[in-house]
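See structure below.
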Amino acid sequence: MRDLAKLKLPEDVESGVLLTLEDRSPRPLNDKYSPSILTPDSSSSPRSPFRFDSMRSSGRRPPHYRPGYKKPRKRAVFKNGYCNVSATKVPHQRLRFLQDIFTTLVDAQWRWTLLVFALGFVSSWVLFGGLYWLISYTHGDLDENHLPPLQGDNNWTPCISNIYSFTSCFLFSLETQHTIGYGSRAMEEECPEAVFVMTLQSVHGVMVQAFLAGIVFAKMTRSKGRAQTLLFSKQAVISQRDGELCLMFRIGDMRKSHIIGANVRAQLIRAKVTGEREVMPQYRTELELTSDDCSSDVFFLWPQIVVHRIDEKSPLYGYSAEDVLLERFEIVVVLEGTVESTGQTTQARTSYVNTEILWGHRFEQVLVYNADIESYEIDFSKFNETVALETPRCSAKQLKECFKLPLRGRSCDPLVGPELRLSHVALESERINPQFLFPVFDRRRSRSSTEL
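Quick note on numbering: the numbering used here labels position 15 of the sequence shown as 1375, and the sequence is numbered without any gaps.
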């Protein structure tokens, strides 16, 4: 039988609440942030023969250190759906982005997109204004004797009428590209090169306007904004449904327009070591999801609770309350569908690390029927609220084995009143952090149910 150590939770959780953890993977104590387990001490708490020496007692604890908790897994997906992944040391990265300039500008921040939008038009006006000025200068239209007030006296025909300087050429370029047509300046037949440049600017102006306006329009109407109105519960819960342990989280939609063909997927990301001793730190496993008795395809009539049943096919089958507390994993949830109003595909993402999973809780009801207006109402103020339930702290595998014990000739009462009795599991009297377990359950160590 392995030693058990009693770890005292910090005072901000609950006074006098103790957490018993099985030391399944002993680590060397040379890590300055690792808690140390000492031998039985007579000066320790009378409730436990073991004393936990933490960094808090020695004055050397790091900031935000909580004894009994492993450091949460580094997120792959943040709560707002942003993927915490960045590319580094990519050969010819800038060239590759320039080759797909449209997507680059759509994905860029608004200040850079608007800057390129403004510079695109201004540079076009300046470029063709300079060409008009160069043509007028080489033709002699800018000489003092050939300016517009003296052109009639000198019988001079300019390339462009009413041109005085570069400013006049710039205004003519602006009027030509956007077909403003004030009427004071006009192209003459004197210079074929000026006619060619004006034709070129007309075609170029249409292309520039279509490209830049398309970027702004695509950025404004992209489905990323629609995903902001799709809601995920801040925490996931684990509790029993029809006698089975289930992992559950809630999704909802704030808008009246529905998401067509909505589909929910979830993946468990954790470390894995293969039979060849290859370490895979980001190994993904698909979780089977259902909503009520339906598949993972969701009809957003009202907020739905998505359920993953922890059975033999589930990667969480061997996880108990302590395992959820200590193991480092992340559950990434993806909601996809088509926006009803625009027909575009949208995707909303979030994730749950182990410290964001509540053991022994269920979600509060948010849907009520209002008889006054004869309509259902959704109270989004209760969207993230949960209620504590009496839930076994053992894993789904241990719970199933306990139900099979009478078939083997041994007695076992899985749930007797408020007490959890599993005779075939090494247990010890304890209390668990109420975040992971409804705290009325007591655990026993290596005794049959008849002795309890």
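From the three backbone atoms N, C-alpha and C, an ideal C-beta is built for every residue, glycine too.
Three-state secondary structure (DSSP) at W1662? Correct three-state label for W1662: coil.
Scan the segment 1570–1644 and note each continuous beta strand (DSSP E) run of 3 residues or more that stays entirely inside, going in chain order. With a minimum length of 3 residues, the continuous beta strand (DSSP E) runs that stay inside the segment 1570–1644 are 1590–1592, 1596–1601, 1604–1613, 1619–1633.
Buried or exposed: where does V1785 fall if 16 or more other Cβ atoms within 10 Å of its Cβ makes it buried? Residue confidence for V1785 is low, a pLDDT of 35 falling below 50, so the modelled location carries little weight; the figure read from the coordinates is stated next. Its Cβ being crowded by 16 or more others within 10 Å, V1785 is buried.
Within the continuous beta strand (DSSP E) that includes N1730, where are the two ends? Per DSSP, the continuous beta strand (DSSP E) segment holding N1730 begins and ends at 1727–1730.
Could you tell me which residues DSSP pairs with T1746 in its beta bridges? Its beta-bridge partners are F1723.
Which same chain residues end up closer than 8 Å to S1593 when comparing Cβ atoms and leaving out the 5 residues on each side of it in sequence? Counting only Cβ-Cβ distances below 8 Å, and skipping sequence neighbours, we find F1609, R1610, I1611, F1723, F1743, N1744.
By DSSP, does E1700 sit in helix, in strand, or in coil? It is coil, neither helix nor strand.
Please go through the same chain and pick out, in chain order, the residues whose beta-carbon is closer than 8 Å to the beta-carbon of I1575, but skip the five residues on each side of it. Sequence-distant partners of I1575 (beyond 5 residues in either direction) whose C-beta falls short of 8 Å from its own C-beta, in its chain, are F1462, L1465, V1466, T1473, V1476, F1477.
Please tell me whether S1680 and R1753 are closer than 8 Å, where the distance is taken between their beta carbons. Yes.
Give the secondary structure of A1683 by DSSP, where H, G and I count as helix, E and B as strand, and everything else as coil. Looking at the sequence provided, one finds Asp at residue 1683 rather than Ala. Three-state result, D1683: helix.
Which class does V1450 belong to by DSSP, given the choice of helix, strand or coil? Coil.
Per DSSP, what kind of secondary structure is E1553 in: helix, strand or coil? Here DSSP, grouped into helix, strand and coil, assigns E1553 to helix.
DSSP on S1496, reduced to helix/strand/coil? Residue state, collapsed to three classes: helix.
If you follow the beta strand (DSSP E) that I1738 is part of, which residue opens it and which one closes it? Per DSSP, I1738 belongs to the beta strand (DSSP E) from 1735–1738.
Grouping DSSP H, G and I as helix and E and B as strand, with all else coil, what is S1544? The three-state reading of DSSP puts S1544 in coil, since its state is none of H, G, I, E or B.
C-alpha distance - D1613 paired with A1570, whole-angstrom precision: A straight-line Cα-Cα distance of about 34 Å links D1613 and A1570.
Check the C-beta distance from F1488 over to Q1561 and give it rounded, since I have them as a contact under 8 Å. Separation of the CB atoms of F1488 and Q1561 is rounded to 5 Å, and the pair is thereby assigned contact status at 8 Å.
Cβ neighbours of N1730 in the same chain (closer than 7 Å, five flanking residues each side left out): Once the five neighbours on either side are set aside, the close Cβ partners of N1730 are E1737.
Quick one: is H1668 buried, meaning 16 or more other Cβ sit within 10 Å of its Cβ, or exposed? H1668 is buried by the Cβ-count criterion.
Starting from T1527, follow the alpha helix (DSSP H) in both directions and report where the run begins and ends. 1526–1537 is the span of the alpha helix (DSSP H), which, as asked, contains T1527.
Residues that R1709 bridges to, as DSSP identifies them: V1694, per the DSSP bridge assignment.
Does the distance from the CB of V1693 to the CB of A1626 come in under 8 Å? Taking 8 Å as the Cβ cut-off, V1693 and A1626 qualify as a contacting pair.
Let's see if you can read the secondary structure: which residues bound the alpha helix (DSSP H) around N1514? Counting along the chain, the alpha helix (DSSP H) containing N1514 begins and ends at 1508–1514.
Mind checking which residues open and close the alpha helix (DSSP H) that includes T1464? It spans 1461–1467 - the alpha helix (DSSP H) in which T1464 sits, taken as one unbroken run.
For the segment 1542–1550 and the segment 1443–1457, state whether three or more C-beta atom pairs, one from each stretch, are separated by less than 8 Å. No, the segment 1542–1550 is not in contact with the segment 1443–1457.
Proximity of A1578 and G1697 at Cβ, strictly below 8 Å: No, these two residues do not count as a Cβ contact at 8 Å.
Considering only DSSP beta bridges, list what T1715 is partnered with. According to DSSP, which records beta bridges pairwise, T1715 is partnered with nothing at all.
DSSP three-state call for T1473: helix, strand or coil? Correct three-state label for T1473: helix.
Pick from D1501, T1710, F1740: whose alpha carbon is nearest that of A1436? Between A1436 and the set D1501, T1710, F1740, the nearest pair of CA atoms involves T1710.
What does the alpha-carbon distance come out to for the pair R1420 and M1580? Any reading at R1420 is ruled out, since the residue's pLDDT is 46, under 50, leaving its predicted position unreliable.
Where does R1669 sit, in a helix, a strand or coil, going by DSSP? In the displayed model, R1669 falls within a strand according to three-state DSSP.
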